[in-house]
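A.B. asks:
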Amino acid sequence: MTDVSNRPESTETNAENRVVLRCKSEQGQSVLVLTGASTLEDLLAEVVASTGISREVLILRSGYPPKHINLSPENCQLTLSELKICSGDSIMADARPLESPFTSGRKAPSSRPIRKVAPSDDCCLFTSVNFCVSNRDSSWLIGEPIVTNAEAVQETRTLIAHTVLSDPVTFNEAILGMPSEDYAEIHPGASSVG
34 MTDVSNRPES TETNAENRVV LRCKSEQGQS VLVLTGASTL EDLLAEVVAS TGISREVLIL
94 RSGYPPKHIN LSPENCQLTL SELKICSGDS IMADARPLES PFTSGRKAPS SRPIRKVAPS
154 DDCCLFTSVN FCVSNRDSSW LIGEPIVTNA EAVQETRTLI AHTVLSDPVT FNEAILGMPS
214 EDYAEIHPGA SSVG
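In our numbering, the protein residues as written are 34 to 227.
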């Protein structure tokens, strides 16, 4: 007489066996119980129910190191056995980050350098710096001329003088061509070249 109790079950019977998976997500861990004949779609339904993560943003990973599970419609019809997902495996569930308005259909605005000519006066450097700082949101039209704003230029001169004095290591005589105190004294004046 042959003892059949120690024989491995057939493949058809194994596919019906319970597949117990550990599902990890930001919400914690849960245990999912399916069968080898369960499809990836069945697994997705269980993961959505246990994690609360919407199917539309769900990302699944398994194995070590964790690899993404292809959630295409074709792949969702495959059984866990066909996907080599076995009892005892861990499944990591994450939500795909929401797209920003720039990535959802619209291209991000491109930027490119544009040459603008500042008035040729003793304030051209400060006028240019002020233009760049005050136009960081690109609200000024490209065709508009740069006009010297005496009040803004004076503020910029004063700011630069204070910045030079506050960091004498960076703004040293080798960089400025003169001691930082002299530079800071000269540049707030309206007639000094900048």
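Ideal Cβ positions, reconstructed from N, Cα and C, are used throughout, including at glycine.
Give the single residue among 214, 178 and 114 whose Cα lies nearest to the Cα of residue 202.
C.D. replies: 214
A.B. asks: Helix, strand or coil: which one does DSSP assign to residue 219?
C.D. replies: helix
A.B. asks: Cα separation between residue 121 and residue 168?
C.D. replies: 59 angstroms
A.B. asks: Report the rounded CA-to-CA distance for residue 63 versus residue 127, giving the unit in angstroms.
C.D. replies: 14 angstroms
A.B. asks: Taking residue 187 as part of the alpha helix (DSSP H), name the residues at either end of that continuous run.
C.D. replies: 183-199
A.B. asks: Can you name the start and end residues of the alpha helix (DSSP H) that residue 83 belongs to?
C.D. replies: 73-84
A.B. asks: Between which two residues does the beta strand (DSSP E) harbouring residue 92 extend?
C.D. replies: 91-95
A.B. asks: State the Cα-Cα distance for the pair residue 102 and residue 69, rounded to the nearest angstrom.
C.D. replies: The straight-line gap from Cα to Cα measures roughly 16 angstroms.
A.B. asks: Counting Cβ pairs, one atom from each stretch, are 3 or more of them under 8 angstroms apart for the region 79-99 and the region 159-166?
C.D. replies: no
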